[in-house]
Amino acid sequence: MGSIAKPVGICRGSLRPSVDDKKIANVNCDFFQSQKNESTHSPSKDVLSGSVQYLPDLDDEESQEMDPAEAFPVHLDLTTNPQGEPLNVSFLFHGPMIKKLFVLPFPKEEQRSAECPGKASMSNPILLPP
């Protein structure tokens, strides 16, 4: 793999204790596309490549004490183009339709805010705190 890895998917995971004092990990990944392996062993095969980034464990008490910017210092840049760029997500849908999302870059450190930029356009108790 080259020095700059392009993101090929997003994975979400959780770790929970089991009955016998061991831990169970659950992971779900959505892959954007296949990329050709740069290795010379089998150049004709498509393989998925990418990187793993670990986020810190948070429980309810810690999340209230920590600054949100410190709680999750890792971010994934899907684009570095300040104007944004389209991301093909057709693989998420069945059929021949082509679907694209417009992705903007992750805000730089000096552009982040601890507060929301405004009121929510739709109130949803599942997403918004009471």
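Here the sequence shown stands for residues 1 to 130, numbered as in full-length UniProt numbering. Backbone N, C-alpha and C fix where the C-beta goes; we use that ideal spot for every residue, glycine too. Keep in mind that this is a model prediction, so the values were computed, not measured.
message: In whole angstroms, give me the CA-to-CA distance for M122 and C11.
response: Position 122 of the sequence shown, counted from the first residue, corresponds to residue 122. Position 11 of the sequence shown, counted from the first residue, corresponds to residue 11. Within the model, the alpha-carbon separation for M122 versus C11 is close to 27 Å.
message: Mapping the DSSP letters down to three states, classify P43 as helix, strand or coil.
response: Here residue 43 refers to the residue found at position 43 when the sequence shown is read from its first residue. Per-residue confidence for P43 stands at a pLDDT of 48, beneath the threshold of 50, marking its modelled position as unreliable; no derived number is given.
- prompt: What number of angstroms, rounded off, separates the C-alpha of Q83 from the C-alpha of L104?
  reply: Here residue 83 corresponds to residue number 83 of the sequence shown, with the count starting at 1. Here residue 104 corresponds to residue number 104 of the sequence shown, with the count starting at 1. Taking the straight line from one Cα to the other gives about 7 Å.
Beta-carbon contacts of S42 that lie in its chain and below 7 Å, excluding the five residues immediately before and after: What you label residue 42 is simply residue 42 of the sequence shown in a count that begins at 1. With a pLDDT of only 49 at S42, under the threshold of 50, the placement of this residue in the model should not be trusted, and no figure is reported.
query: What separation, rounded to the nearest whole angstrom, lies between the Cα atoms of P86 and D20?
result: Indexing the sequence shown from 1 puts residue 86 at position 86. Indexing the sequence shown from 1 puts residue 20 at position 20. Cα-Cα distance, rounded: 47 Å.
message: Per DSSP, what are the beta-bridge partners of N26 in this structure?
response: Residue 26 sits at position 26 when you count from the first residue of the sequence shown. The partner list for N26 (beta bridge, DSSP) reads S14.
message: If you reduce the DSSP assignment to three classes, tell me which class F91 lands in.
response: Here residue 91 refers to the residue found at position 91 of the sequence shown. In the structure shown, F91 sits in a helix (DSSP, three-state: H, G or I).
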